[in-house]
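S.K.: Supplied in structure tokens, the structure appears directly below.
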Amino acid sequence: MDFELRSAPEKLEREQRERMQRAKAKADRERRAKAEAARRRDALEASNRERRLDAARAQEEADQKMEEVMQLGKGISFSHMFEALRYDGPGDKIKLPPSSFKDLSDQGALDKGPMYFRLSKVRDRVPGTSPDQDAEEATCCGVLEFTAREGSAQLPSHVWNNLFQSDIPDVPLIEVRYASLPKGTYAKLKPEGVGFSDLPNHRAVLETALRNHATLSENDVVMVNYGQLQYKLKVLELKPASSVSVLETDIEVDIERPDSVFDNEENQHVLVPLETGKVESGAVEEGKFRYYKFSVEEGVAEKVASGCVNIEVKIESDTSGSDTDIYVSRHPLVFPTQHRHEWSSHEMGSKVLILKPKDATLVSGLYSLGVYGFKGTAKFQLSVAVKDVIDSQRIDEQGSVSSAVNGDSVVCKNCKRHISSRTSVLHEAYCVRHNVICMHDGCGVVLRKEAAADHVHCSKCGQAFQQREMEKHMKVFHEPLNCPCGVVLEKEEMVKHQSSTCPFRLIVCRFCGDTVQAGGQPLDVRDRLRNMCEHESICGSRTAPCDSCGRSVMLKEMDIHAIAVHQKS
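The numbering used here puts the sequence shown at residues 71 to 639.
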């Protein structure tokens, strides 16, 4: 009984303590729940506040972008995203879908003259970066037509290469904005390699290349084609803006010298200056060219035309396991090749080439000389000199006098030479024992018997050579060559083809004055009778006002118009 009385207070205390703990735990739970609810409420309010700020920033950016688009397009709002597709074409004019034409025409863009667009790549930007960081990966262009597939824009090679200079994504996306560009007044360009300034009238070549362009932008790379050669020029500076229009405007152009020098000219189309009378040393690898240039002054040209002097090209090379060929041409053919040249020499070892112009009035000017490595790596010494022809004429005269036929001479039955009758018996005995006549049709050369085996004739052209020269002759003159136009000919026929009938040959147009590809035969029979090529037929179809009456007359009909209408005046 006493034990139960003593445990009752302890039990009561224990129950009170448990009730107090439960109440305290409940109060803690309620306090934590209130704190969690307050934290969630604050987080929700912060999220809503951030969402409202993002919406405000997005609206501000959209308004700013719209303002930029309106300002860039001078009141015309056109900014769309397209998938970029590439197509082969010259210049910088892109193709847009038909819906773009409707959008632009509704805003009156067609009434504002030529349309220009600013293109930029679309990429995922890191938050906090500025869109201006992608300004270097943007360019401007014109429009060619509105025939592209909906949702896409077709870019020519020039625009594609300037826009996607580094990496090309799987699905390239671009943003196209209408832009209003000022007319350009000044441009500074810089070739990326040496050789462009060697082209004759290279500024006219650049002008011809820019005729296919509507715009220029700083940091763009312009491709200039000259025959089968391509040159890259980077746009360094433009005025009055970083992107300008080049349509119907006169631009002052400065061309800076490239950074490259003649350290690696054997792998490039570079003309090394060659002074007349001085020896130039060099080396050329098999299958490659080393190009040089030299000039002929008017005074020397008059002497060459009169026959007093000759232009002599001499090359001395090491014949131990190597050989070279020489090809020479007169500008505008800048880089002569195996089948595009005016003069050539294919002798083995050292050789001398005499330049005899076909037209005596076309002697002065610039000449290009190409040393071709026919076999092995050849070291050579090259020189161009003006040699007097009087000494050689004296030698010929002395030889003709000494070989005059005497009255008492007889003809040797073996070598067919005129021999004095007093020594004819001894001569014939010696001649029959040591000499032999080549029996090839049209040859008749008298040879020593030990050298007769080395004297051979080509089975195709009949020319005589030494046995060791026959392999080179067959490879150079009778190996089929492929012309870029698709014709397969031997060397002699290929030289004539590429100088007269090949559509890819370079000519100086009589109407525009540019060095361009000739093209095929003109469709107009009258143009063929005037000896015009396809380019001249098309270029001469442009009209110009007559100086006398002001009428618009085609350039190719201007001379006929002057005779038929203004003959009396």
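Backbone N, C-alpha and C fix where the C-beta goes; we use that ideal spot for every residue, glycine too.
For Thr-447, which option in Ala-78, Thr-394 and Leu-189 has the closest C-alpha, if you only look at C-alpha atoms?
M.R.: Answer by Cα proximity: Thr-394.
S.K.: Alpha carbon to alpha carbon, how far is Arg-518 from Gly-440? Give it in angstroms, no decimals.
M.R.: The straight-line gap from Cα to Cα measures roughly 37 Å.
S.K.: So if DSSP puts Leu-306 in a beta bridge, which residue, or which two residues, is it bridged to?
M.R.: In the DSSP output, where bridge partners are listed per residue, Leu-306 has none listed.
S.K.: For the structure I just gave you, are there three or more beta carbon pairs, one from the region 109-116 and one from the region 175-185, closer than 8 Å?
M.R.: With the cut-off at 8 Å, the region 109-116 and the region 175-185 do not touch.
S.K.: Do you know how far the Cα of Tyr-437 is from the Cα of Val-404?
M.R.: Taking the straight line joining both Cα atoms gives about 8 Å.
S.K.: Near Leu-306, which residues of its chain fall below 6 Å by C-beta distance, leaving aside the five closest residues on each side in sequence?
M.R.: Counting only Cβ-Cβ distances below 6 Å, and skipping sequence neighbours, we find Lys-258 and Lys-260.
S.K.: Could you say which of Asp-268, Lys-163, Gly-443 and Lys-566 lies nearest to Lys-54 if we only look at CA atoms?
M.R.: With the chain represented from 71 up to 639, any question about residue 54 goes unanswered, as that position is not in the structure.
S.K.: Expressed to the nearest angstrom, what Euclidean distance is found between the alpha-carbon atoms of Glu-85 and Glu-106?
M.R.: Near 31 Å, if we compare the C-alpha coordinates of Glu-106 and Glu-85.
S.K.: Does DSSP put Ile-507 in a helix, in a strand, or in coil?
M.R.: In the structure shown, Ile-507 sits in a strand (DSSP, three-state: E or B).
S.K.: Are Gly-212 and Phe-234 touching if we call contact CB-CB under 9 Å?
M.R.: Their beta carbons are not under 9 Å apart, which means Gly-212 does not touch Phe-234 by this criterion.
S.K.: I need the straight-line Cα distance from Ala-269 to Phe-148, nearest angstrom please.
M.R.: In the sequence on display, residue 269 carries Leu and not Ala. Rounded to whole angstroms, Leu-269 to Phe-148 spans 42 Å at the Cα level.
S.K.: Looking at the structure shown, is His-150 part of a helix, part of a strand, or coil, going by DSSP?
M.R.: Here His-150 sits in strand by DSSP.
S.K.: Would you check if the distance between the CB atom of Val-294 and the CB atom of Val-275 is smaller than 9 Å?
M.R.: It is a contact, given that the beta carbons lie within the stated cut-off.
S.K.: So what's Glu-115 in DSSP terms, helix, strand or just coil?
M.R.: Residue state, collapsed to three classes: helix.
S.K.: Tell me the DSSP secondary structure of Met-602 in three-state form.
M.R.: Met-602 falls in the coil class under three-state DSSP.
S.K.: Pull up the DSSP beta-bridge partners for Phe-266, would you.
M.R.: Per DSSP, none; premise fails for Phe-266.
S.K.: I need the DSSP call for Met-293, collapsed to helix, strand or coil.
M.R.: Residue state, collapsed to three classes: strand.
S.K.: Quick check: what's the CA-CA separation for Ile-630 versus Ser-315?
M.R.: So the two alpha carbons sit approximately 37 Å from each other.
S.K.: Does the beta-carbon distance from Asp-458 to Ala-284 come in below 9 Å?
M.R.: Not closer than 9 Å, so no.
S.K.: By the DSSP assignment, the beta strand (DSSP E) with Gly-212 in it spans what residues?
M.R.: From DSSP, the beta strand (DSSP E) with Gly-212 extends over 208-215.
S.K.: Do the region 374-393 and the region 479-497 make contact, defined as three or more Cβ pairs closer than 8 Å?
M.R.: No, they do not touch.
S.K.: Quick one: what does DSSP say Asp-91 is sitting in, helix, strand or coil?
M.R.: It should be pointed out that residue 91 corresponds to Gln in this sequence rather than to Asp. Looking at Gln-91 - three-state DSSP - the assignment turns out to be helix.
S.K.: Using the beta-carbon count (16 or more within 10 Å), is Leu-593 buried or exposed?
M.R.: With fewer than 16 Cβ atoms within 10 Å of its Cβ, Leu-593 is classed as exposed.
S.K.: So for Arg-219, helix, strand or coil by DSSP?
M.R.: Reduced to three states, the DSSP call for Arg-219 is coil.
S.K.: Report the three-state DSSP secondary structure of Gln-129 (helix, strand or coil).
M.R.: The answer is helix: DSSP assigns Gln-129 an H, G or I state.
S.K.: Suppose the cutoff is 6 Å on Cβ atoms and the five residues either side in sequence are ignored; what does the same chain contact list for Phe-646 look like?
M.R.: Residue coverage of the chain in this structure runs from 71 to 639, which leaves residue 646 outside it and unanswerable.
S.K.: Please name the residue or residues paired with Phe-359 in a DSSP beta bridge.
M.R.: Partner(s): Tyr-442.
S.K.: Under 8 Å, with one C-beta from each stretch per pair, do the region 344-354 and the region 423-430 reach the 3-pair mark?
M.R.: No: the two stretches stay apart, fewer than three of their Cβ pairs being nearer than 8 Å.
S.K.: For the beta strand (DSSP E) that contains Phe-450, what are its first and last residues?
M.R.: Here the beta strand (DSSP E) through Phe-450 covers 448-458.
S.K.: Measuring alpha carbon to alpha carbon, tell me which residue in Arg-89, Asn-231, Ser-222 and Leu-123 is nearest Gly-159.
M.R.: For Gly-159, the nearest C-alpha among the options comes from Asn-231.
S.K.: Helix, strand or coil for His-249, going by three-state DSSP, please let me know.
M.R.: Checking the sequence, you will find Ala at residue 249 rather than His. Here Ala-249 sits in strand by DSSP.
S.K.: Is the beta carbon of Val-366 less than 9 Å from the beta carbon of Gly-435?
M.R.: Yes, the pair counts as a contact, with Cβ atoms nearer than the cut-off.
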